[in-house]
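So the protein sequences, as listed, match chains Z and W.
All residue numbers for the first sequence refer to the numbering used here, where the first residue is 4 and numbers rise by one.
All residue numbers for the second sequence refer to the numbering used here, where the first residue is 30 and numbers rise by one.
Note sheet for the following structure.
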Amino acid sequence: MPQPASPDNRLRTKSERQIKRRETGAAYLFLAPYLTLLCMFGVFPVFYAFGLSFFDTIEGVFWGVTNYTTVLGDFRLPRSAGNVLLFTAQWVTMTIIGVSVLSLMLDAIPRRLATTLRTIFFLPGAVISSALVVLWLFVLDPTVSPFRPILHLAGWDTLQSLVVGLGYATVFAIMSYFATSGGWIVVIGGALSSLPTEVIEAARVDGAKPYQIALRIKLPMIWRSIVLMGILSFAAGIQIFVEPQLFSLAGAQFAQPDWSLNQLAFSYAFQMGDFGASAALSTMLVMVSVTIALVIIFVTKFYKMD
Amino acid sequence: MKTYKSRTGKRVLAAAAMLSSFAAAALAADPVTLTVWSDTARLSLFAAYDDQHETITLNVVTVDPKDLLAKIQLGLQSGAEVPDVIFMSDIGYTSQLATRGSNYLMDLTGKVPDAKLAEFYPNANSPCYVNGKLLCLRNDLAHMIVWYDEPLMKELGQTVPKTWEEFAALGAALGPKGYALGSAVEPYPLISYLVSSGCELAIPVEGATDTLKINATSDACVKAATMVDTMVANGSLTKTGPFDPPFVALAKSGKVPLIIGPTWFGEYVIKPTYEFKPGTLAASVPLVWDGQAQPVTWSWGGGTYGGYNKTAHPDEVLDLIVWAATDVSVQTNAVTMPAHAPSALAWGAKLKADAYYANAEVFDVEVASAAFSHPGYVSLRIDLSAAIAKTLSAAISGGGKAVDALPALQTELTNLAQLNKYQVQ
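Next up, the structure:
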C-alpha cells in the first residue's frame, strides 16, 4: 500500500521536501522578472528619494531636515494640499459609488450585453492620461464641444465659465473618473462573477427583488474589492499631476503650474533645481499614502479570512 | 667624431624642431566638437556655422523649448551630458540657470567686445543681465506695438490712438458695437497694459543682489487696471484669450480692428490665424499715457543664447554665441526681428518688400519702438505670467474686476519672490 501523505502539514519524507522546494523555486523563478523591475523602479526610487531628502543635493552634504522645513514653509503647500484633498474626496466618492452601481447593474443583465457594455466602459481607460486631458479640453469647451447643448443648458458658453462654475477639482475629478472607472468595473465585475451562486439563488427563492439582492447580498460580499479600489484610488488621487500640468494647453490664462502637490515636487526639481526639496515632498506623499493604506487594512481586518 | 656628432646633433635638432612645429600646427587646428541644444527654428543657423568653420563640428540636438530647463537640471544633477551652447526660448531660463543649485551659464561679462554690445538695440540684452553679470546674448526682439487694420479703421471713422486714453475711448466707441481690441485675460498683454503706466510688478533693484521691488497696488497699477476693467465692461477687451476659438472667430469676421501685440504677431498670428486680407495690416508705435514723455513697452518672448561655464572649449563657445547673435548674413534670414541693429536692418528689407502689409512703414515702427523697451523686462526666477493668470486673469474671467485682484497679485508675487530667495522691497 502506498504511504499516505502526512496527516499534518509538516513534510516528513525527503521526496516531499524536494518537491516542495522545486515548486517554491519555480514560483520564485516566475516572480523574478517582476520582482527585479519592482525593486528597480518601485522600491529603489522610494529609498533613494528618502535618502536624498536629507542631503544638500548641490554639495552632497548632510543637511538634516532642512529640505523638509523648506517644503513645509512653502506658502503654496496648504493651498495645493487643499486642492488635492478636494479632488481626491470627489474622485474617490464618484469612483466608489459609480463603479459599484454600474458593476452591480451589469451583473444583473444578460451576460452578452453586459460584456459589450463593459468593453465600452473600459475604452477610455485604454487611452493614456495625457491624451485624455487633451480630449477633455475639447469636450469641455462649449464653443467646440459635441455636448454643446448640455453645456449651454447649464449656462456655460466658454471654457472659462465652465471652469469657474465647476472648479478645477471637479473638472479633474470628472476627467479622472472616466479614465479609470472602466478598469475598475472590470475588476469588480470579476469579483462579482466569483460569488457563490447558491446564496444568490437562495435569496431569489426567498423573494428578494434584484436591487435587494444587489444591495443586501452582493455588495457586502465584495466589500474587500471596493475597499481596495478606494485605497488605490486615494493613493493615485493625491499624486495627481498630468491633468493640472496639461491644462495650460487650453490657454495661458488656464495655466496651473502649482495646483497639486506632485506639481510642486516637479517644480522644485526641474524649475528651481532643488532635488532635495523635491525628494522631501515626494517622501512625505508616499508616507501619507502608505499610512492611510495600512490604517484601512488593519481597521477593516482586510487580510483576515472570514 | 666631434664633427659627426655635431652634424647628427644638428640634424636631430632640426628634425625635432620640424616635428614640434607640425605638432603645434596640428594642436592649433585640433578639431573641436561642441554640443548644441537648439530648437527647430535655429537649426539652419547652427548648420551655417558648422559649414563656415572646418575645425569646429557642432553636434546639434533638437530639444523641445519647454523641456530645456528640466533636461539641463537633470544633466547637471546626474553628471550626464551637458550641452556647451543652448538656445533659450524663455527669458526666465537665464536666471534659473545661474543659481547655486543650477550653476550652468557662462559669465560673458567683459568677454564680449563693447563695440558689439553697443550694436544691440537699447535694453535688448536686459534679460541677459542677472545681478550685473552678462549671462547670455539676445537673439530676437518681441516688443509690443499697435497692430491695426487700416481700411477697417477708416471705415469705422476712427483714427489710430496714440495715447492709452484714446485707446480706452476707442474701446468705449467700438466695444458696444461688438468689436474687440484685444484680450483681457492673456497674461502678457495684461502685463503690458499694467507696466506701461509705470506699475512695478517685479522690477530688480539697481545695485542690490537678488532684490525685487514689488508694488502691484500703486496708483499707476490701479490706473491701468481700471482702464482694463472699463474696457472689459464695454466689451472691447474680451474674457477669452487671443488664441481661443471665440476670439479667432471675431478676428476672422473683421471684428478686431486693432490689437496690441508683439512684433511677431503680424507674421505668426494675424496672417495665418486671424487671416487679415493682404494689404490691410499696418502698425503704429506703442501708446503713451497723458503726461508721459515717451512710451514704455513690455515684450512677449525673445530668445537668447547661453554657454556652459564648465565647457572644455570656452573660446569656441564664446565665438559661437557672439556669432549667432550678431552675424548679419545669418540673422537676415531669421524668423523674427533680430535684436542686433545691423542684422535687423538687413532683415527688415524683406519685411519692407512684403506685399502683405498695408505699407512699408511696419518695419520702421518696429525699429522705432525698440527704443521704448522696458528696462524691467528681465530674467526672473519667478513666473510672472503664471502669477497674473492665477490672480488677474482668473478674476476677470470669473466676472470680477482686475482692480480688486491687485492685492492678491501683490501677495502672490511677494510670496513667490521670497520662495525663490529674493529680497522684496
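Note that the Cβ used here is the ideal one computed from N, Cα and C, for glycine as well.
Everything numeric in this text was worked out from a predicted model, so none of it was measured.
At a beta-carbon threshold of 8 Å, the residues of chain W lying near residue 260 (chain Z) are 412 and 415, ordered along the chain. Restricting attention to alpha helix (DSSP H) runs no shorter than 4 residues, the stretch 138 to 217 of chain Z encloses them at 151 to 156, 162 to 169, 171 to 196 and 200 to 208, ordered along the chain. DSSP, reduced to helix, strand and coil, places residue 277 (chain Z) outside both helices and strands of the structure shown, so it counts as coil. Looking at the backbone, the Cα of residue 352 (chain W) and that of residue 273 (chain Z) are separated by about 30 Å.
Among the bridge pairs identified by DSSP, residue 177 (chain W) is matched with W:287 and W:311. Between the C-alpha atoms of residue 238 (chain Z) and residue 292 (chain Z) there is a straight-line separation of about 5 Å. Contacts between residue 272 (chain W) and chain Z, judged by CB atoms closer than 7 Å, involve 254 in chain order. Secondary structure of residue 242 (chain W) (DSSP, three-state): strand. Among the bridge pairs identified by DSSP, residue 334 (chain W) is matched with W:116 and W:166.
From the beta-carbon of residue 209 (chain Z), no residue of chain W is found nearer than 8 Å; the closest lies around 56 Å away. The beta-carbon of residue 146 (chain Z) is placed less than 9 Å from the nearest beta-carbon of chain W. DSSP, read as helix, strand or coil, puts residue 259 (chain Z) in coil.
Residue pairing of residue 452 (chain W) in beta bridges, as defined by DSSP: W:240.
For the stretch 233 to 250 of chain Z, the set of positions with a beta-carbon nearer than 9 Å to some beta-carbon of chain W is empty. Every beta strand (DSSP E) stretch that sits fully inside the stretch 210 to 240 of chain W and reaches 3 residues is listed by chain position as 229 to 233.
Neighbours of residue 129 (chain W) in chain Z, taken as residues whose beta carbon is under 7 Å from its own, are 61 in chain order. Between residue 248 (chain Z) and residue 214 (chain W), the gap from beta carbon to beta carbon reaches 9 Å or more. Within the stretch 56 to 108 of chain W, the runs of beta strand (DSSP E) that reach at least 3 residues and sit entirely inside it are, in chain order, 61 to 67 and 85 to 91. Where residue 61 (chain Z) is concerned, there is no enclosing alpha helix (DSSP H), because DSSP gives it neither an H nor an E. With a cutoff of 9 Å on beta-carbon distance, residue 330 (chain W) and residue 169 (chain W) are scored as near each other. Residue-level contact check: residue 102 (chain W) touches chain Z, since one or more beta carbons of chain Z fall below 9 Å from its beta carbon. Where residue 81 (chain Z) is concerned, the enclosing alpha helix (DSSP H) starts and stops at 80 to 111.
If you look at residue 390 (chain W), you'll find it isn't in any alpha helix (DSSP H); DSSP assigns it neither H nor E. Separation of residue 266 (chain W) and residue 111 (chain W) (C-alpha to C-alpha, rounded to the nearest whole angstrom) is 45 Å. Contact check for residue 453 (chain W) against residue 242 (chain W) passes: the beta carbons are separated by less than 9 Å. When CB distances to chain Z are screened at a threshold of 7 Å, the residues of the stretch 257 to 290 of chain W falling below it are 268, 269, 270, 272, 273, 274 and 275, in chain order.
For the stretch 185 to 218 of chain W, the residues whose beta carbon sits under 7 Å from a beta carbon of chain Z are, in order, 214, 215 and 216. Along the stretch 72 to 87 of chain Z, going in chain order, the ones with a CB nearer than 7 Å to a CB of chain W are 77 and 78. The beta-bridge partner set that DSSP reports for residue 132 (chain W) consists of W:127. Only those residues of the stretch 147 to 181 of chain Z whose C-beta falls short of 9 Å from the nearest C-beta of chain W are listed: 147, 160, 161, 162, 163, 164, 166 and 167.
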